[in-house]
Amino acid sequence: MEYNFREIEKKWQARWVEEKTYQVTEDESKQKFYVLNMFPYPSGAGLHVGHPLGYIASDIYARYKRLQGFNVLNPMGYDAYGLPAEQYAIQTGQHPAITTINNIDRYREQLDKIGFSFDWNREIRTCDPEYYHWTQWAFLKMFNSYYCNDEQKARPIEELEKAFAVYGNEGLNAACSEEISFTADEWNAKSEKEKQEILMNYRIAYLGETMVNWCAELGTVLANDEVVDGVSERGGFPVIQKKMRQWCLRVSAYAQRLLDGLDTIDWTDSLKETQRNWIGRSEGAEVQFKVKDSDLEFTIFTTRADTMFGVTFMVLAPESELVAQLTTPAQKAEVDAYLDRTKKRTERERIADRSVTGVFSGSYAINPFTGEAVPIWISDYVLAGYGTGAIMAVPAHDSRDYAFAKHFGLEIRPLVEGCDVSEESFDAKEGIVCNSPRPDVTPYCDLSLNGLTIKEAIEKTKNYVKEHNLGRVKVNYRLRDAIFSRQRYWGEPFPVYYKDGMPYVIEESCLPLELPEVAKFLPTETGEPPLGHATKWAWDTANKCVVENEKIDNVTVFPLELNTMPGFAGSSAYYLRYMDPRNHKALVDPKIDRYWKNVDLYVGGTEHATGHLIYSRFWNKFLYDMGVSIMEEPFQKLVNQGMIQGRSNFVYRMILVRKNNMFNEVAELIEPTNIYVSYNIVKKVESIDNIDKKIQYISSLNCQKDIEGTHIINFQQLHVDVNIVSNDILDLEAFKAWRPEYKTAEFILEDGKYVCGWAIEKMSKSMFNVVNPDMIVEKYGADTLRMYEMFLGPVEQSKPWDTNGIDGVHRFIRKFWSLFYSRTDEYLVTDEPATKEELKSLHKLIKKVTGDIEQFSYNTSISAFMICVNELFNLKCSKKEILEQLVITLAPFAPHVCEELWDVLGHETSVCDAQWPAYNEEYLKEDTINYTISFNGKARFNMEFAADETSDAIQAAVLADERSQKWIEGKTPKKIIVVPKKIVNVVI
Numbered sequence: 001m002e003y004n005f006r007e008i009e010k011k012w013q014a015r016w017v018e019e020k021t022y023q024v025t026e027d028e029s030k031q032k033f034y035v036l037n038m039f040p041y042p043s044g045a046g047l048h049v050g051h052p053l054g055y056i057a058s059d060i061y062a063r064y065k066r067l068q069g070f071n072v073l074n075p076m077g078y079d080a081y082g083l084p085a086e087q088y089a090i091q092t093g094q095h096p097a098i099t100t101i102n103n104i105d106r107y108r109e110q111l112d113k114i115g116f117s118f119d120w121n122r123e124i125r126t127c128d129p130e131y132y133h134w135t136q137w138a139f140l141k142m143f144n145s146y147y148c149n150d151e152q153k154a155r156p157i158e159e160l161e162k163a164f165a166v167y168g169n170e171g172l173n174a175a176c177s178e179e180i181s182f183t184a185d186e187w188n189a190k191s192e193k194e195k196q197e198i199l200m201n202y203r204i205a206y207l208g209e210t211m212v213n214w215c216a217e218l219g220t221v222l223a224n225d226e227v228v229d230g231v232s233e234r235g236g237f238p239v240i241q242k243k244m245r246q247w248c249l250r251v252s253a254y255a256q257r258l259l260d261g262l263d264t265i266d267w268t269d270s271l272k273e274t275q276r277n278w279i280g281r282s283e284g285a286e287v288q289f290k291v292k293d294s295d296l297e298f299t300i301f302t303t304r305a306d307t308m309f310g311v312t313f314m315v316l317a318p319e320s321e322l323v324a325q326l327t328t329p330a331q332k333a334e335v336d337a338y339l340d341r342t343k344k345r346t347e348r349e350r351i352a353d354r355s356v357t358g359v360f361s362g363s364y365a366i367n368p369f370t371g372e373a374v375p376i377w378i379s380d381y382v383l384a385g386y387g388t389g390a391i392m393a394v395p396a397h398d399s400r401d402y403a404f405a406k407h408f409g410l411e412i413r414p415l416v417e418g419c420d421v422s423e424e425s426f427d428a429k430e431g432i433v434c435n436s437p438r439p440d441v442t443p444y445c446d447l448s449l450n451g452l453t454i455k456e457a458i459e460k461t462k463n464y465v466k467e468h469n470l471g472r473v474k475v476n477y478r479l480r481d482a483i484f485s486r487q488r489y490w491g492e493p494f495p496v497y498y499k500d501g502m503p504y505v506i507e508e509s510c511l512p513l514e515l516p517e518v519a520k521f522l523p524t525e526t527g528e529p530p531l532g533h534a535t536k537w538a539w540d541t542a543n544k545c546v547v548e549n550e551k552i553d554n555v556t557v558f559p560l561e562l563n564t565m566p567g568f569a570g571s572s573a574y575y576l577r578y579m580d581p582r583n584h585k586a587l588v589d590p591k592i593d594r595y596w597k598n599v600d601l602y603v604g605g606t607e608h609a610t611g612h613l614i615y616s617r618f619w620n621k622f623l624y625d626m627g628v629s630i631m632e633e634p635f636q637k638l639v640n641q642g643m644i645q646g647r648s649n650f651v652y653r654m655i656l657v658r659k660n661n662m663f664n665e666v667a668e669l670i671e672p673t674n675i676y677v678s679y680n681i682v683k684k685v686e687s688i689d690n691i692d693k694k695i696q697y698i699s700s701l702n703c704q705k706d707i708e709g710t711h712i713i714n715f716q717q718l719h720v721d722v723n724i725v726s727n728d729i730l731d732l733e734a735f736k737a738w739r740p741e742y743k744t745a746e747f748i749l750e751d752g753k754y755v756c757g758w759a760i761e762k763m764s765k766s767m768f769n770v771v772n773p774d775m776i777v778e779k780y781g782a783d784t785l786r787m788y789e790m791f792l793g794p795v796e797q798s799k800p801w802d803t804n805g806i807d808g809v810h811r812f813i814r815k816f817w818s819l820f821y822s823r824t825d826e827y828l829v830t831d832e833p834a835t836k837e838e839l840k841s842l843h844k845l846i847k848k849v850t851g852d853i854e855q856f857s858y859n860t861s862i863s864a865f866m867i868c869v870n871e872l873f874n875l876k877c878s879k880k881e882i883l884e885q886l887v888i889t890l891a892p893f894a895p896h897v898c899e900e901l902w903d904v905l906g907h908e909t910s911v912c913d914a915q916w917p918a919y920n921e922e923y924l925k926e927d928t929i930n931y932t933i934s935f936n937g938k939a940r941f942n943m944e945f946a947a948d949e950t951s952d953a954i955q956a957a958v959l960a961d962e963r964s965q966k967w968i969e970g971k972t973p974k975k976i977i978v979v980p981k982k983i984v985n986v987v988i
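Just so you know, UniProt numbering puts 646 at position 646 of the sequence shown, and the rest follows in order with no gaps.
Written out as structure tokens, the structure is:
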């Protein structure tokens, strides 16, 4: 019987749906295992072959764990809100809900063709009110919570209100935006609005002034990963830094817990280190600097308080509020020009860029340790969000300070013995401190660090700061609060209305607050977000419902928030909703949460290392504080799949450059042709130095173009659609039909073929190297696609897509099929007992694949399958005892063909419900060992010995072998060395 993959795959995909093979329910009799893929966004382009890589890897593992007896949860859904759908709506006038649904339908169709074991009964979509009900609910909880530093957890905001009425905020140790102080009497005397403003300082979800990436053309704030080289990733529009009042989440309050949690999860060391660096814990001191001839003062944070005597200038972040206060009239024009330039650069770009820029403010600060007046500069290498947005610069011991000082000619003052102010001295962690205080100035303080080690000096200086009220000892974090609002339409609405200018949240019982209809998806003419176009977008507090805007009276009816939530809002806790997706009363039932707990295996790309993964961990920790999530860490094990890169192909258009002799001009005329030259001929032409010889060579190839008079022959490399190229050979007629400009194309061929050039690049529509998985499935089948993607290389590594090798995997599946059926449709499987050789081949495979799956070494598993099937084929093995176990072992990789053969073997249940085979070491023992026989270290021949043969017997047999006499030459061996199971070396 012929292997008809189209028929087989269609049959089993329908059977899985009909029999609900992949639907899972909680089962206390089984151990759970939760497998999850990072939430996909359904783009209009659909899937290319790079997208399923992680899904296939996780699906293999999910099927494997099910075969091991686990109750496996493997859900799928869609991160359906976002800017792409909204931009498409703006361009076409189509509602983003329509295009999103169309995109989801397309994704689902493609995913089903590949044969994933997803439980589609649990599908969720972030744009579904039933889902974002719980995103809004979580926001309400954050709004009504503060973070208690003493308990290290979120607590109800009502606790603060009660405490303020009795004690004020004296002794309060809570995360806040700004340090403030007030008594109980002062609190009780405040108006409702004033109280709300104070509470906003402590809320976990709060309104705050923050620097954002503002894109005027898109009319919205963008996340850092949505900005590339100063322009929006989508559309390429200019992006500037702008201070705006935005909703924020107090992620920074959880910084230490986010760090501590990394020690409890099974992630790669590199990913953990990335998060540690992003969170950026620093222990140091905050020190107050007064401004010369002013009542102003400002705070800096330093991890190296011992370097206070080496400060020679100060630097402010361009966004700092101090810039306007400290810029003198004489410097204002220069400062303003510098600020305009820095607005166009994102913080990420500023961190990466090592170039030196800056401007002097005109003001000076007084060093509290030396009394010196040091100049205050402004530079974009200082970030407003880290520390206090101001630094003390010690150029002798910091590389960026050093580069700045050298560039602007500022003083560099070493503080460590032997320091020659070279780059080798930067960030010195060892050495003996000297020159403190400076010997050439009158002592300003009684602190001396001379003779101390750097570590000793740091501790002594921090204590001095604390004891003399110059500041305070503090732990600082680089991690900043998340900006949580976007000026877009297509996103989760905030359940917030405004009374007297202050935000209030609607009641939980009124959720979800659904996204309203609008006439336009652009900002309003007055600059409000798109929701400003909604005519029915006001909250009636009396009737607890949305009403028309015209009813706003600011007594019982109030305006609703016009911003929407960002993309990460819906993707931060979706793994919990998968556990209990149809629950209308809670995000997840506690009993169900206790069963699934958290994600055992999470698979996704490294691009989410510092965005989604940190936000999701924060969100889960907050829900853990609320008693909603049973586990503090959401993702126990994380695997980052690599990227499948595109294999681009090129054609080479001939370009002629002729001299223009009219009017005695020496300018050159460039004349593109419609002639395309095969790759190796191009390389040959480019290797010829003489232009006349190039022309002569091209002419000899029957080029129809008159190239006489040509000054230069060049070739323009053009991307060509990889789908009209096979093994780098161009389909000429398909090329002519591909685009109108190629209709009259002529070709210079080699051996009657056009050979394309190639390169490995990012898979992209603009490079015409996108491979549609549908085409692969149609031509080779889903099982071939699944196995080939895993065969390309290790899951975690990026690798190029190359259809040139897919035939080998397809032939393997056909050979596997031939163990069951002959070419004449004869069913070959018998009940005969297996031979020792057959059992050895099978159990060697089971051992290898079991270990490989646990390590995600799927590419080597597939190699092992190929070896095993070849061995069984050569042994003419069609024993049911062997083939049943082989089918089970291959089933996670190629589920369709294995379901069919499992059925053929007489089983009435799915192969998914079989038991993963255990290998038997007894079958793997070798009866004989092949030894390499060497003389004086040089291998000469091989001999077989029984596995349990003694060393003496081996030596005797080697000496007795007639082949040994040639190399012994009648001499008596000095010694014979037997390396067990490997080699015998005769020393002459």
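The beta-carbon is built from N, C-alpha and C at its ideal position, and this holds for glycine as well. Since the structure is predicted, the reported quantities are computational estimates derived from the model, not experimental observations.
Comparing alpha-carbon positions, the option among Asp600, Ile458, Leu576 lying closest to Thr264 turns out to be Asp600. For a cut-off of 8 Å, the C-beta gap from Asp59 to Phe116 is around 5 Å, short enough to register as a contact. In this structure, the beta-carbon distance from Val685 to Ile698 falls below 8 Å. For the pair Gly752 and Val771, the Cα-to-Cα distance works out to about 27 Å. Taking all protein chains in view, the Cβ of Met392 is crowded by 16 or more other Cβ atoms within 10 Å, so the residue is classified as buried. Note that the stretch 135-147 touches the stretch 511-524; at least 3 beta-carbon pairs, one per stretch, sit closer than 8 Å.
Nearest neighbour of Leu479 by Cα position, chosen from Asp774, Ala734, Leu383, turns out to be Leu383. If you draw a 10 Å sphere on the C-beta of Asp783, you find 16 or more other C-beta atoms in it, and that means buried.
Distance from the CA atom of Ser934 to the CA atom of Ala609, rounded to whole angstroms, is 54 Å.
Cβ contact annotation for Glu832 (same chain, cutoff 6 Å, sequence separation greater than five): Lys879, in chain order.
Close CB contacts of Phe164 within its chain, under the 6 Å cut and outside five residues either way in sequence, are with Trp187 (chain order).
Cβ-Cβ distances below 8 Å link Trp596 to Glu26, Lys32, Tyr34, Leu73, Met579 in the same chain, with the five nearest sequence neighbours on each side left out; the list follows chain order. In chain order, Ile60, Tyr61, Tyr64, Ser861, Pro892 place their CB closer than 8 Å to the CB of Ile853, counting only its own chain and leaving out the 5 sequence neighbours on each side. Remark: C-beta atoms of Trp377 and Ser399 do not approach each other more closely than 8 Å. Between the alpha carbons of Asn920 and Thr835 lies a gap of roughly 14 Å. According to DSSP, Asp266 shares a beta bridge with Lys637.
Annotated three-state conformation of Ala337 is helix, per DSSP.
Contact between Arg203 and Tyr146 holds, with the beta-carbon distance rounding to 6 Å and staying under 8 Å. At the C-beta level, Phe521 and Tyr489 come within 8 Å of one another. By the neighbour-count definition (other C-beta atoms within 10 Å, threshold 16), Thr302 is a buried residue. Collapsing the DSSP output to three states places Leu249 in a strand. Proximity to Tyr364 across Leu316, Thr803, Gly451 peaks at Leu316, based on C-alpha coordinates.
Between Glu838 and Leu872 a beta carbon distance of about 7 Å is seen, short of the 8 Å cut, so the two are scored as contacting. In this model, Ser951 and Ala939 are separated by some 19 Å (Cα to Cα). Beta-bridge annotation (DSSP): Asn476 is paired with Ser282. Between Leu576 and Tyr602, the C-beta spacing is not below 8 Å. With three or more CB-CB distances shorter than 8 Å, the stretch 466-481 counts as touching the stretch 284-296. Around the C-beta of His711, fewer than 16 other C-beta atoms lie within 10 Å, and the residue is accordingly described as exposed. For the options Leu531, Val547, Ile279, Ile813, the alpha carbon positioned closest to that of Tyr615 is the one of Ile279. Put simply, the backbone Cα of Val958 is about 14 Å away from that of Ile929. Looking at the backbone, the Cα of Leu785 and that of Ser857 are separated by about 17 Å.
Looking at the DSSP output, Val505 bridges to Val496. With contacts defined as CB atoms closer than 8 Å, Ala373 and Leu322 fail to qualify as a contacting pair. Sorting Glu528, Val677, Gln696 by C-alpha distance to the C-alpha of Phe715 places Val677 at the top. Annotated three-state conformation of Glu671 is strand, per DSSP. Burial is judged here by how many other beta carbons sit within 10 angstroms of a residue's own beta carbon; Ser964 has at least 16 and is buried.
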